[in-house]
Amino acid sequence: MPGDTWETLFEVALDQYGFITGGDAERAGVNRKYLNDLKRRGVLEHTAYGLYRFPQVPVTPYTPFMEAVLWVGADAVLSHDAVLSLHGLANANPSVIRVSTPRRVRKSDPPAAIKVIRRAIPDEDLTRYEGIPSTTVARALLDSRDLITRSRLLQAAHQARAEGLIPRRMFGDLLERLETADG
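Below, the structure written as structure tokens:
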């Protein structure tokens with residue numbers, strides 16, 4: 002039977018699609034070296050530097066999004082067309098998962114599927130969807146103007162409004178900004 006330490010880490014990982022970071026372990030009062038011990042015993046999979054996964058947690062369509070955000074680091078959020086893809090909006094199917102962070106990421110060998118965008122995002126444009134730190138859908142629509150056609154973005158805005166993802170009070174302004182975009 003697993004011990005209390007394993008159970009503590011597993012509880013954290015359940016909220017993160019099975020992932021646990023070295024920082025998560027430290028915040029839970031567990032030495033980071035314990036993660037390597039669990040990896041050696043086959044309890045954890047090592048997915049990237051400082052990032053591990055409990056394989057018994059089922060993979061979902063959201064798993065790659067959480068992995069990308071955790072790989073980038075503590076201040077990272079899912080952004081751009083990745084947020085739209087998460088919600089099934091604008092027929093977004095990005096070849097890379099865009100993750101924004103206000104700080105420089107100094108990791109070597111970034112996964113080919115992750116595109117790090119360095120920029121600060123105002124607090125009012127931040128949220129969580131399915132437990133994943135993200136920009137709001139409205140912010141993602143605006144950020145995707147150079148990636149997705151205007152007509153698809155406008156259609157996605159209407160769909161998002163119908164699904165309650167965009168508040169009524171900001172919908173008119175968002176449509177105006179999307180309609181006048183050069184994207």
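First residue of the sequence shown? That's 2 in the working numbering, and the numbers climb one at a time after it. Even for Gly, the Cβ is constructed at its ideal location relative to N, Cα and C.
Span of the beta strand (DSSP E), counted from its first residue to its last, around residue i
{"i": "residue 101", "result": "98-102"}
{"i": "residue 49", "result": "46-49"}
{"i": "residue 148", "result": "No beta strand (DSSP E) holds residue 148; DSSP gives it neither H nor E."}
{"i": "residue 18", "result": "Note, residue 18: premise wrong, no beta strand (DSSP E); not H, not E."}
{"i": "residue 122", "result": "Unbroken run through residue 122: none, as it is neither H nor E."}
{"i": "residue 128", "result": "127-130"}
Closest by C-alpha distance to residue i, when choosing among the options
{"i": "residue 115", "options": "39, 79, 37", "result": "79"}
{"i": "residue 104", "options": "121, 91, 55, 150", "result": "121"}
{"i": "residue 123", "options": "140, 129, 108", "result": "140"}
{"i": "residue 12", "options": "72, 55, 172, 43", "result": "55"}
{"i": "residue 43", "options": "131, 150, 7", "result": "7"}
{"i": "residue 176", "options": "159, 165, 166", "result": "159"}
Anticipated Cβ contact below 8 Å, residue i with residue j, distance rounded
{"i": "residue 100", "j": "residue 117", "result": "6 Å"}
{"i": "residue 51", "j": "residue 30", "result": "Actually they do not touch by this definition, with Cβ atoms about 17 Å apart."}
{"i": "residue 178", "j": "residue 143", "result": "6 Å"}
{"i": "residue 1", "j": "residue 133", "result": "The first residue shown for the chain is 2 and the last is 184, placing residue 1 beyond what the model contains."}
{"i": "residue 93", "j": "residue 110", "result": "With 8 Å as the limit, residue 93 and residue 110 do not qualify as a contact, their Cβ atoms being about 26 Å apart."}
{"i": "residue 155", "j": "residue 180", "result": "7 Å"}
Where residue i falls: helix, strand or coil (DSSP)
{"i": "residue 28", "result": "helix"}
{"i": "residue 2", "result": "In this prediction, residue 2 scores a pLDDT of 36, lower than 50, which makes its location untrustworthy; the coordinate-derived value is nonetheless stated afterwards. Reduced to three states, the DSSP call for residue 2 is coil."}
{"i": "residue 78", "result": "strand"}
{"i": "residue 153", "result": "helix"}
{"i": "residue 184", "result": "In this predicted model, residue 184 has a pLDDT of only 42, less than 50, meaning its place in the structure is not dependable; the value taken from the coordinates is given anyway. Correct three-state label for residue 184: coil."}
{"i": "residue 55", "result": "coil"}
{"i": "residue 109", "result": "coil"}
{"i": "residue 60", "result": "coil"}
{"i": "residue 9", "result": "helix"}
{"i": "residue 90", "result": "coil"}
{"i": "residue 176", "result": "helix"}
{"i": "residue 162", "result": "helix"}
{"i": "residue 169", "result": "helix"}
Beta-carbon gap between residue i and residue j smaller than 9 Å
{"i": "residue 49", "j": "residue 95", "result": "no"}
{"i": "residue 77", "j": "residue 85", "result": "no"}
{"i": "residue 53", "j": "residue 21", "result": "yes"}
{"i": "residue 63", "j": "residue 45", "result": "no"}
Segment limits, alpha helix (DSSP H) that includes residue i
{"i": "residue 35", "result": "34-41"}
{"i": "residue 66", "result": "64-73"}
Chain C within 9 Å of residue i, Cβ atoms only
{"i": "residue 75", "result": "Within the model displayed, chain C is absent; a lone protein chain is all it includes."}
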